[in-house]
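The block underneath contains the structure these notes are about, expressed in structure tokens.
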DNA sequence: TGGCAGCTATACTTAAATTTATGAACAAGG
DNA sequence: CCTTGTTCATAAATTTAAGTATAGCTGCCA
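Chains as they are written, first to last, in my numbering: chain W, 338 to 634; chain R, 338 to 634.
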């Protein structure tokens, strides 16, 4: 017969050691002490039968085996925090915690007033906002609700199509006064452009759909759409952003509105099982209303 | 600030109490003692802030809240055992544990020789066979590999189309000698038929595709396809089973081979991430070869 | 080179959790 | 109606795991 199953707590400390890189740091993070964390790792290695880390005075280096187990430990962490969120909404009425995942731009520029309104209506509801461009897995319950720019392919997810967010070139008047207003797409090559650092899937799909874009040089490259937006507002140059966001600043002008435009289809997505959960339901409805209003300007 | 996160071990004992229905039974199952399990439940209730069970001298009755948390706890258990399986295959070479999910009939009638061959080739590989008609969720890692009769809809799953398994009416010669051989579909209403207890999704799709089936009365109803097959072999009456399984017993005859036939499309499915795992890879390949050979008779 | 800051590992002590043992409440069966 | 076999709850004893303090190693910087 095999050895007994290890304590599930070991997985938690294992994951923390993995992400922190040292026993001491993991101990600080978990509210434990370094010897305890060390013992947990030792015990786990003992049960599994192979080493998870190579020890050194600078910290612990994960072995290949440890890296292979990492996704499982992450799934455990995600599920356990989803359980706590589900439990948080049990004390009758609408309360507890709901975790919302959205892109940086949406999370920073669009959601705050919507969430503020939601909070006014349900003061007992705690909102976790994950404003990040890394996609969180709803099936793994890494978030309860997500605002997505791609059609969700999985069943077991309820998806509400919000509509299309129009994008276009925008620039500050101070820049345009200084450098002139481009009249054609080709004029862009003589301008200061704000663009992407790495080619993400979203970018490639833009490129594929608008082959008439000239080969341009970006004067400022950044992965952060929020930083791009800030640069546009600061008059750095011409960049792509959501039309509705640009329209909020009177000094911003829509450049080449006819020559270039694209739409970002937007969905609001939630796990099927959460449909009955009051805390997720009210958050879903509030987001749906708020985002639809945003899209209609 | 909130109270500290509960020990993940509490979830394990919570789940066991839920499925066993009493502290004592859960304790026996977990290799703990009843007071320990009781304290775990108490501690979890304390942290969550609401009761999970109503105690009684006959056992513990879960509250609605507890039932809502059950799927999360089950996901934790599934992931943790998937982690252990993944870890079991780490000691170099092909070894460890691979968990295979298949329908009862496939698991009992078709897989054993295939798995035996696999085990001969890789003696260090432990095989878990879940022969059950309840579908295990591959995304939740409840199994590593599954033989499925429906096209897998999810991405993140690699699916290999094996082919179509032909089904038809079959009966033992002793029965046919006694009761005669039906010549038309309508003759079936005068025969002893073996059929299904509840209407499953598979049955409904059969019914939908062959509307010319007469309204028949089943003399033996059972949900277990294996029991149906056994009844056919025992000469109880006429029933539906896989042609290839009937052909193994010379005394069985294919009834109405032209008037009724249907095919069960078969897929072999595995989680994408396991493609690189040696233990799953060899099992997947062996199943693919074996099932394809089975379909070609 | 010396000193500081980070880490892990090891003895020792203390705290916590588990087991053991027992009592009380309820259901089933003679 | 009493006995037997369940159950859960509680209090004391023991084992287990945690924290504390310290030593040893490495790298960095003056």
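Glycine is no exception: its CB is placed at the ideal position from the N, C-alpha and C atoms.
Specify whether the stretch 505-520 of chain W and the stretch 567-587 of chain W touch according to this definition: at least 3 beta carbon pairs, one from each stretch, less than 8 Å apart.
-> yes
Would a C-beta distance cut-off of 9 Å place residue 533 of chain W and residue 514 of chain W closer than the cut-off?
-> no
Short check: CB of residue 485 of chain W to CB of residue 496 of chain W, under 9 Å?
-> yes
Taking 9 Å as the CB-CB limit, is residue 346 of chain R close to chain W?
-> yes
Measure the C-alpha to C-alpha separation of residue 628 of chain R and residue 581 of chain R and round it to an integer number of angstroms.
-> Roughly 12 Å between the two C-alpha positions.
Taking only the alpha-carbon atoms, compute the straight-line gap between residue 282 of chain W and residue 355 of chain W and give it to the nearest angstrom.
-> Residue 282 of chain W is absent from the model: chain W starts at 338 and stops at 634.
For the putative contact between residue 435 of chain R and residue 465 of chain R, defined by C-beta atoms under 8 Å, what is the C-beta separation to the nearest angstrom?
-> 7 Å
What is the DSSP secondary structure of residue 584 of chain R, reduced to helix, strand or coil?
-> Of the three classes helix, strand and coil, the one that applies to residue 584 of chain R here is coil, per DSSP.
Quick one: what's got a C-beta closer than 6 Å to residue 377 of chain R's C-beta in the same chain, skipping five residues either side?
-> 347, 350
If the cut is a Cβ gap below 8 Å, which residues of chain R does residue 610 of chain W touch?
-> The contacting residues are 408.
Listed by chain order, chain R residues near residue 470 of chain W by CB distance under 9 Å = The premise fails here: residue 470 of chain W is roughly 20 Å from chain R at the closest Cβ pair, so nothing lies under 9 Å.
Going along the chain, which unbroken runs of the beta strand (DSSP E) with 3 or more residues stay wholly within the stretch 360-418 of chain W?
-> 390-393, 396-399
Rounded straight-line distance, which links the Cα of residue 608 of chain R to that of residue 608 of chain W = Using only the alpha carbons, I get a separation of about 20 Å.
Alpha-carbon to alpha-carbon, residue 612 of chain W and residue 619 of chain R | Pairing residue 619 of chain R with residue 612 of chain W, the inter-Cα distance amounts to about 40 Å.
Using alpha carbons as the reference points, say which of R:367, R:597, R:406, R:426 lies closest to residue 387 of chain W.
-> R:426
Within 9 Å, strictly: CB atoms of residue 621 of chain R and residue 451 of chain R = For residue 621 of chain R and residue 451 of chain R, no; Cβs fall outside 9 Å.
Rounded straight-line distance, which links the Cα of residue 371 of chain W to that of residue 448 of chain W | Separation of residue 448 of chain W and residue 371 of chain W (C-alpha to C-alpha, rounded to the nearest whole angstrom) is 40 Å.
Considering only residues of the same chain and omitting the five flanking positions on each side of residue 631 of chain W, which have a CB-CB separation below 7 Å?
-> 447, 581
Would you grab the beta carbon distance between residue 440 of chain R and residue 473 of chain R for me? Rounded to a whole angstrom, and I think it's under 8 Å.
-> Not quite, the Cβ-Cβ distance comes to about 11 Å (not below 8 Å), so this is no contact.
For residue 457 of chain R, go through chain W and note every residue whose CB falls closer than 9 Å to its CB, in chain order.
-> Per Cβ cutoff of 9 Å: no residues; residue 457 of chain R is ~23 Å from chain W at best.
Residues of chain W with CB under 7 Å from residue 428 of chain R, in chain order?
-> 386, 387
Might you give, ordered along the chain, the residues of its own chain that have their beta carbon closer than 8 Å to the beta carbon of residue 556 of chain R, omitting 5 neighbours on each side?
-> 529, 530, 531, 573, 574
Given 8 Å as the limit, is there contact between the stretch 582-595 of chain W and the stretch 454-469 of chain W, that is, 3 or more CB pairs closer than that?
-> No, the stretch 582-595 of chain W does not touch the stretch 454-469 of chain W.
In angstroms with no decimal places, state the Cα-to-Cα distance between residue 395 of chain W and residue 397 of chain R.
-> C-alpha separation (whole angstroms): 50 Å.
Closer than 9 Å to chain R by CB, residue 338 of chain W = Low local confidence applies: a pLDDT of 42 at residue 338 of chain W is under 50, so the model's placement there is unreliable, with the coordinate-based value given in what follows. Not closer than 9 Å to any Cβ of chain R, the Cβ of residue 338 of chain W fails to qualify, so no.
Is it right to say residue 584 of chain W is buried, meaning 16 or more other beta carbons lie within 10 angstroms of its own, or is it exposed?
-> exposed
CB contact check: residue 492 of chain R to chain W, cutoff 9 Å | yes
Would residue 433 of chain W pass as a contact of residue 475 of chain W if the rule is Cβ separation under 9 Å?
-> no
Mind reading off the beta-carbon distance from residue 414 of chain W to residue 352 of chain W? Whole number of angstroms is fine, and I expect it under 8 Å.
-> 6 Å
Output, in chain order, the set of chain W residues within a Cβ distance shorter than 7 Å of residue 416 of chain R.
-> 409, 412, 413, 416
When DSSP labels each residue in this structure, what does residue 503 of chain W get in the three-state scheme?
-> strand
Closer than 9 Å by beta-carbon distance: list the chain R residues that pair up with residue 364 of chain W, in chain order.
-> Those do not exist, as residue 364 of chain W stays about 14 Å from chain R at its closest Cβ, beyond 9 Å.
Can you tell which of W:554, W:488, W:565 has the C-alpha that lies nearest to the C-alpha of residue 601 of chain W?
-> W:488
Nearest-angstrom Cα distance between residue 364 of chain R and residue 373 of chain R?
-> 8 Å
Of the residues W:569, W:562, W:526, W:565, which one's Cα is nearest the Cα of residue 554 of chain W?
-> It is W:526.
As assigned by DSSP and simplified to three states, the class of residue 637 of chain R | The structure shown does not extend to residue 637 of chain R, since chain R is modelled only from 338 through 634, so no value can be given for it.
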